[in-house]
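In our numbering, the protein residues as written are 55 to 435.
Encoded as structure tokens, the structure appears first; notes follow it.
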């Protein structure tokens, strides 16, 4: 028994030290990001933006308004889609149509009902209304600045580029759990991506924003093939690469608004993301345990590690440094250190629980994730 405890202690110490080094490295590499191109190529390619919506989320008007005020010399078509005629988001879109009568703003209401990804079902409904050669997918909770479209089109200006996908940082929409959710993106997800991109360890594609040419969308079969994919963004990126084109992740980010208003909402959201990543990259996901150095240091202390104050303190300091670097790089609102400690504790619990079961909650529905990343709605729903 003592031998087992000794082995666990040594593993936790080694993991905590590796995590500390990882955090400091990510903090250093983060300063290279959030630097959009300063080139002005005066692009005039017409663009269609697809915006799948679900309910009138806080700040939806401002996010749609930002898309209508883009500093871009080409035409922009905005297609918004919902899946219910009573969806309150419909009224927000109709308001945008009245405020911007000269702009192409379409509203598509569909009612597809299957064991499928509701976001992709929405995109399938929108696909027939696309009019322009460049297509931009933008989630309903994404915040953009006024050169967003211009930067995307510039990034697509390469014959080998099949798609452009943007990093995203968290923006809390108020409340403790929204702030913890934003920290989960900024202090957990974003550093992992930055490290992976710096060392070529991953080829990501993020649903926050995906831009591609219309011919590329046609070559990958449109949105229909991704109806049963939970990680539809990853599957789209994989399909683009399969036809011999690159998926480019530029060194700048859009904002992702976090709406979680309760612990349960945060837990379900975080668990869904964790189990999705586990289904896509099981080996790499196991390796992310090193992103929990504080908890590893804590367990090392519980099993009898020497210097019981030093290791956890250094581990938490590395997390604070990383979080400060991310917030400064992306010009984000500062979060209190106690929130970071709360996040790290819950995040480790989610990490452990993600290995037990394959069920996720999404928009009030229960789904099962299969090993190939596809999903099926639970029969009792």
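Note that beta-carbon positions come from the ideal geometry of N, C-alpha and C, so glycine has one too.
Quiz item: By a C-beta neighbour count over all protein chains shown, 10 Å radius and 16 as the cutoff for buried, is residue 314 buried or exposed?
Solution: Looking at its Cβ environment, which holds 16 or more other Cβ atoms inside 10 Å, residue 314 is buried.
Quiz item: Between the beta-carbon of residue 121 and the beta-carbon of residue 198, is there less than 9 Å?
Solution: Their beta carbons are under 9 Å apart, which means residue 121 touches residue 198 by this criterion.
Self-check item: Coil, strand or helix - residue 310 by DSSP
Solution: Three-state result, residue 310: strand.
Exercise. In angstroms with no decimal places, state the Cα-to-Cα distance between residue 279 and residue 177.
Key: Each residue's alpha carbon lies about 12 Å from the other.
Practice problem: Take every Cβ of the segment 340-352, pair it with every Cβ of the segment 64-79, and state whether three or more of those distances are shorter than 8 Å. | Solution: Because the criterion of three Cβ pairs below 8 Å is met, the segment 340-352 and the segment 64-79 touch.
Quiz prompt | Cβ neighbour criterion (16 or more within 10 Å) applied to residue 133 | solution = With 16 or more Cβ atoms within 10 Å of its Cβ, residue 133 is classed as buried.
Quiz item: Three-state secondary structure (DSSP) at residue 102?
Solution: Three-state DSSP puts residue 102 in a strand.
Exercise. Please name the residue or residues paired with residue 131 in a DSSP beta bridge.
Key: Per DSSP, 102, 158.
Exercise. Take every Cβ of the segment 328-335, pair it with every Cβ of the segment 209-225, and state whether three or more of those distances are shorter than 8 Å.
Key: Between the segment 328-335 and the segment 209-225 there are fewer than three C-beta pairs closer than 8 Å, too few to call the two in contact.
Exercise. Please determine, among 237, 407, 268, the residue with the shortest C-alpha to C-alpha distance to residue 182.
Key: Nearest Cα to residue 182 within the set 237, 407, 268: 268.
Practice problem: Just list the alpha helix (DSSP H) runs in the segment 316-359, keeping only unbroken ones of 4 residues or longer that don't cross its boundaries, in chain order. | Solution: You should have 317-334, 336-341, 347-356.
Quiz prompt | Nearest-angstrom Cα separation, counted from residue 202 out to residue 378 | solution = Taking the straight line from one Cα to the other gives about 25 Å.
Practice problem: Go through the segment 206-283 residue by residue and report every complete run of the alpha helix (DSSP H) that reaches 4 residues or more, in order. | Solution: Within the segment 206-283, the complete alpha helix (DSSP H) runs of at least 4 residues are 230-238, 244-252, 268-273.
Quiz item: Within this structure, are the beta carbons of residue 389 and residue 175 separated by less than 9 Å?
Solution: No; because the gap between Cβ atoms is not below 9 Å, this pair is not in contact.
Quiz item: With 16 other CB atoms within 10 Å as the buried threshold, where does residue 56 fall?
Solution: Under the 10 Å beta carbon count, residue 56 is surrounded by fewer than 16 other beta carbons and is classified as exposed.
Exercise. Determine the DSSP secondary structure at residue 303, reduced to helix, strand or coil.
Key: In the structure shown, residue 303 sits in coil (DSSP, three-state: anything other than H, G, I, E or B).
Quiz prompt | Nonlocal neighbours in the same chain, by C-beta distance under 8 Å from residue 145, ignoring five residues either side | solution = Cβ-Cβ distances below 8 Å link residue 145 to 110 in the same chain, with the five nearest sequence neighbours on each side left out; the list follows chain order.
Practice problem: Going by CA-CA distance only, name the one from 256, 100, 283 that's closest to residue 190. | Solution: Check the Cα spacing between residue 190 and each of 256, 100, 283: the tightest is with 100.
Self-check item: Inter-residue spacing [alpha-carbon to alpha-carbon] between residue 254 and residue 219
Solution: In this structure, the straight-line span from the alpha carbon of residue 254 to that of residue 219 is close to 16 Å.
Quiz item: Leaving out five residues before and five after residue 184 in sequence, what residues of the same chain have Cβ atoms less than 6 Å from its Cβ?
Solution: So the list reads 102, once near-sequence residues are dropped.
Self-check item: Three-state class that DSSP yields for residue 187 in the structure shown
Solution: Reduced to three states, the DSSP call for residue 187 is coil.
Quiz item: Under the DSSP definition of a beta bridge, which residues are partnered with residue 196?
Solution: In DSSP, residue 196 forms a bridge with 310.
Quiz item: Can you tell me whether DSSP reads residue 381 as helix, strand or coil?
Solution: Residue 381 falls in the helix class under three-state DSSP.
Quiz item: Between residue 105 and residue 192, which are expected to be in contact by the criterion C-beta below 8 Å, what is the C-beta distance as a whole number of angstroms?
Solution: Residue 105 to residue 192, Cβ: 6 Å. Contact.
Exercise. Can you give me the start and stop residues for the alpha helix (DSSP H) that residue 60 sits inside?
Key: Annotation for residue 60: the continuous alpha helix (DSSP H) segment containing it runs 56-83.
Quiz item: Which of the three DSSP states, helix, strand or coil, is assigned to residue 412?
Solution: Coil.
Practice problem: Can you tell me which of the three DSSP states residue 401 falls into? | Solution: Here residue 401 sits in helix by DSSP.
Quiz item: What is the rounded straight-line gap between the Cα of residue 420 and the Cα of residue 136?
Solution: Computed Cα separation, rounded: 20 Å.
Practice problem: Establish whether the CB of residue 183 and some CB of chain B are separated by less than 9 Å. | Solution: Protein chains in the displayed structure number just one, and chain B is not present.
Exercise. Could you tell me which of 151, 142, 98 sits nearest to residue 127, measuring between CA atoms?
Key: In terms of Cα proximity to residue 127, the closest of 151, 142, 98 is 98.
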